[in-house]
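Counting from 1 along the sequence shown, just add 6 to a position and that's the residue number in the working numbering.
We treat Cβ as the ideally placed atom computed from N, Cα and C, and that holds for glycine.
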Amino acid sequence: MSQIHGIQAILAGDYPDPSIVRVGLHYYMTHSSFHYTPGLLLWHSLNLIEWEPIGHAISAYVGGSIMAPDLIYYEGLYYIYFPAGQTNWVVTAENPAGPWSKPIDLKVGYIDPGHAVDLEGNRFLFLSDGYRIPLSKDGLSTTGELTKVYEGWRYPKEWLTEGFYLESPKLTFKDGYYYMTSAQGGTAGPATSHMIVSARSRSLEGPWENSPHNPIVHTKHRKERWWSKGHGTLVDTPEGNWFVVYHAYEKDYYTLGRQTLIEPIEWTADGWFTTTATEDGVSRAPEVAMHAGSAERVLVHADEEQLGFHWHFFGGERIGNYTIQENGFVLKAVSVERSEPLLCIPVHHAYTAEVSVTVEGDAQGTLGLFYKPGFHYGIGFDGKEAFAFRNHITSERTAVSGGDVTLRIVNDKHQVSLYFRDSEEQWSKLDHGFEMSGYHHNVLGDFLSLRIALNATGEGKVYFNRFIYREGFRL
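This is the structure in structure tokens:
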């Protein structure tokens, strides 16, 4: 087991709402996947620090934004409970790498489900706003009515938050107590918004006693490196050490989304848990260097003839509009109104992305940065000219020699420049550039992040090959 001291980022980039489970010596984790398809990427680790993606639980769009899942293991089966489209769902698998079952609609509202089992084997789902509902023995349906069992912890009114927002109940049983770890304060908004609070009870019926150490985790001032820290899940090791895994925005880098952090916790003599942070919110131990979490963004797994695990479409309409060909990716062009791009998550403050593009027919292939429809900028190629684009409007068209081109974008701490290289192997820079620091939830909503995007519009096909992602700026 790697030593974890203080706060450590274990997955850089947009991996919010982490849910983690230990099964023997193995740790598994998943996150919110919102409108991205395939969704609910599963990760595996043997030491809580080094994580590798192993598969997706969702292969088709479920008709809504997947938020705050709960990954659990119960009687030989893995379950993921998650909200999407004004209801909650469950999928199951014998192996977290898959295959996973088709989603089952639990027909219950609220968000952020958290699974719990009492000592008699009765199963429950806890939900946002302090609600709970009984589950069937197999955990695949609800069997009763919603009941409010918890009011949350009343933080001081003078604190600057996004709202009260009692969410993310995660249940842990230890030494005769059920511990409910919840989120409050709002997941974005001011830097000091989010927090983790704890309550315990001898019974899942309650009453729930709030921890005297609340908030367990909280950004107290925007001078700290991590903003809006919250949404925690507890996990232990075979050796008996305990940690809380949660998410946070990095100071001045909202565009990267909410990153996954881990921090040690300690149990007090009277049965509560605390972190090792000091009164000013700073860890007593120095922060460890950020772990990129398998930063390589392979476009195609050639041996498996499938897209790399880090790639996904925005929405689900184009999930069948591509083929794998000669270690590359062929995307069928569609109208700009239906052009949900293929995306991957950047993980660095400054990075370079490039891809070779060949077009067939009256199509355009693009490499850009995408937040959500209506906020998509970058560089493209139509078989004759390279061009800059802002949403669906193109400009600065430049003739290109040869039938294919390599496109490049450089994001240098929010400042984005555009390049192309033709068959003569000469890089050319376009005049157009973009400033992207405002492309995040606090400005545009939807809890998304700024992502690298490949797209094909018009009529015909676009062949993408030799995708490269690297940290830093390189001409």
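The alpha carbon of residue 303 has as its nearest neighbour, out of 174, 437, 472, 391, the alpha carbon of 472. Counting C-beta pairs with one atom in each stretch, the region 426-439 and the region 258-272 have fewer than three that are closer than 8 Å, which means they do not touch. The continuous alpha helix (DSSP H) containing residue 449 extends over residues 447-450. Judged by beta-carbon spacing, residue 154 lies within the 9 Å limit of residue 136, meaning their Cβ atoms are closer than that value. Here residue 388 is buried. Its C-beta has 16 or more other C-beta atoms within 10 Å. Shortest Cα-Cα distance from residue 262 to any of 437, 77, 418, 143 involves 418.
Excluding its 5 nearest sequence neighbours in each direction, residue 330 has C-beta neighbours in its own chain below 6 Å: 306, 311, listed in chain order. Inter-segment contact for the region 319-330 and the region 431-447 is absent: fewer than three beta-carbon pairs are separated by less than 8 Å.
In the DSSP assignment, residue 186 falls within the beta strand (DSSP E) that extends over 183-190.
Assignment of beta strand (DSSP E) within the region 39-67, counting only whole runs of 3 or more residues, yields 45-51, 58-64 in chain order. Assignment of beta-bridge partners to residue 370 by DSSP yields 463.
The closest CA to that of residue 415, considering only 161, 449, 404, 457, is found on 457.
Taking all protein chains shown into account, residue 57 has 16 or more neighbouring C-beta atoms within 10 Å of its C-beta and is therefore buried. In the DSSP annotation of this structure, the continuous segment of the beta strand (DSSP E) that includes residue 34 starts and ends at 32-36. Proximity of the region 443-461 to the region 364-380 meets the contact definition, three or more beta-carbon pairs being nearer than 8 Å. When beta bridges are read from the DSSP output, residue 331 appears opposite 334. Under DSSP, residue 418 takes part in a beta bridge, and its partners are 356, 421. For residue 79, the closest alpha carbon among the candidates 99, 281, 395 is that of 99. In this structure, the alpha-carbon of residue 241 lies about 15 Å from that of residue 49. A straight-line Cα-Cα distance of about 44 Å links residue 131 and residue 398.
Looking only at 92, 175, 237, the smallest Cα-Cα distance to residue 192 is reached by 237.
Less than 9 Å separates the beta-carbon of residue 394 from that of residue 424. Residues of the same chain with a CB within less than 8 Å of the CB of residue 206, apart from the 5 flanking positions on each side, are 183, 184, 185, 186, 214, 215, 217, 277, 278 in chain order.
As the crow flies, the alpha-carbon of residue 127 is around 18 Å from that of residue 119.
Note that the C-beta distance between residue 117 and residue 74 is below 9 Å.
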